[in-house]
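Below: the structure, in structure tokens.
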Amino acid sequence: MLKELLESNNLKFDDKFYEDCEVFTKLLQQWGKVHNLSGRLTKEDINENILDSLYPLTFIENHESFADIGTGAGYPGLILAIALRDVKSYLIEPRIKRVSFLNFVKASLKLENLTVLCNRVEEVKDLKVDLITSRAVTNTSLLLDITKNIKKENSSYLFYKGSMLEEELEIAKINNYKIVNRKDRNYLYVKGK
507 MLKELLESNN LKFDDKFYED CEVFTKLLQQ WGKVHNLSGR LTKEDINENI
557 LDSLYPLTFI ENHESFADIG TGAGYPGLIL AIALRDVKSY LIEPRIKRVS
607 FLNFVKASLK LENLTVLCNR VEEVKDLKVD LITSRAVTNT SLLLDITKNI
657 KKENSSYLFY KGSMLEEELE IAKINNYKIV NRKDRNYLYV KGK
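Numbering (our numbering), first residue to last: 507 to 699.
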């Protein structure tokens, strides 16, 4: 089911990826009921969130590293780390329960490319990444501000946004961006210089 969903959206992965997603789904369903990690725990909802996390791979450039801000139950950062095992991945999440879950999945799947940081992004030191991602954390202007300490001179941004994006772009005063829509999701990709 997940494979067909992803392939119908021009996303192709090897069998190991789908095995890892199966483990992730089971762990999220187990942990989610106990620790309230996500309100959407059906297999269909999880598959849709996996697709939502990965869809930008159809239009963004490759990066050597990324940091996901406020990863929560794993979207999009953990899913991207599973799909991109050759990319150095950082999940920045301040809530301990969620960090415990992310670390458990990391260990279960042997994700050597992944580092989970229990912190607020504005307090992270000694980290610079090529791509900064975030889904449903805060408005675009504030995201740009709170992530400046992990940004390289030419870092790109990938924000998973909803219907308020146009207003946010006016306030943030950014240029050199691309917006891709899928269902109710707006993907904002701001390419580094």
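In this text, a Cβ means the ideal position worked out from N, Cα and C, and glycines have one as well. Note that the structure is a prediction, hence the values are computed from the model and not measured.
Contact check for S595 and F610: beta-carbon distance about 16 Å, past the 8 Å limit, so the pair fails to qualify. For a cut-off of 8 Å, the C-beta gap from I652 to V627 is around 5 Å, short enough to register as a contact. A straight-line Cα-Cα distance of about 7 Å links H541 and K603. Considering only V622, L664 and Q535, the residue with the shortest C-alpha distance to V605 is V622. Around the beta carbon of A587, 16 or more other beta carbons lie within 10 angstroms, which makes this residue buried. Beta-bridge annotation (DSSP): V696 is paired with Y663 and Y683. Sequence-distant partners of E550 (beyond 5 residues in either direction) whose C-beta falls short of 6 Å from its own C-beta are missing from its chain. Taking the CA atoms as reference points, E618 sits about 34 Å from L671. For the 8 Å CB-CB criterion, F665 and L649 form a contact.
Inclusion of L563 and L517 in the CB contact set at 8 Å is warranted, their separation being smaller than that value.
When beta bridges are read from the DSSP output, F572 appears opposite S595 and L637. Distances from the CA of Y561 to each of S544, N687 and H569 were compared; the closest alpha carbon is that of N687. Counting along the chain, T621 sits inside the beta strand (DSSP E) bounded by residues L620 to L623. Nearest in C-alpha terms to I638, of all of G576, L508 and G538, is G576. Rounded to the nearest angstrom, the gap between the Cα atoms of K631 and K658 is 13 Å.
Residue range K549 to L560 is occupied by the alpha helix (DSSP H) that includes N555.
DSSP places R691 in the strand class (E or B) of the three-state scheme.
The beta carbons of N645 and G668 sit about 11 Å from each other, so the pair does not count as a contact at 8 Å. S647 and Y695 do not touch by the CB rule: their CB atoms are close to 17 Å apart, not below 8 Å.
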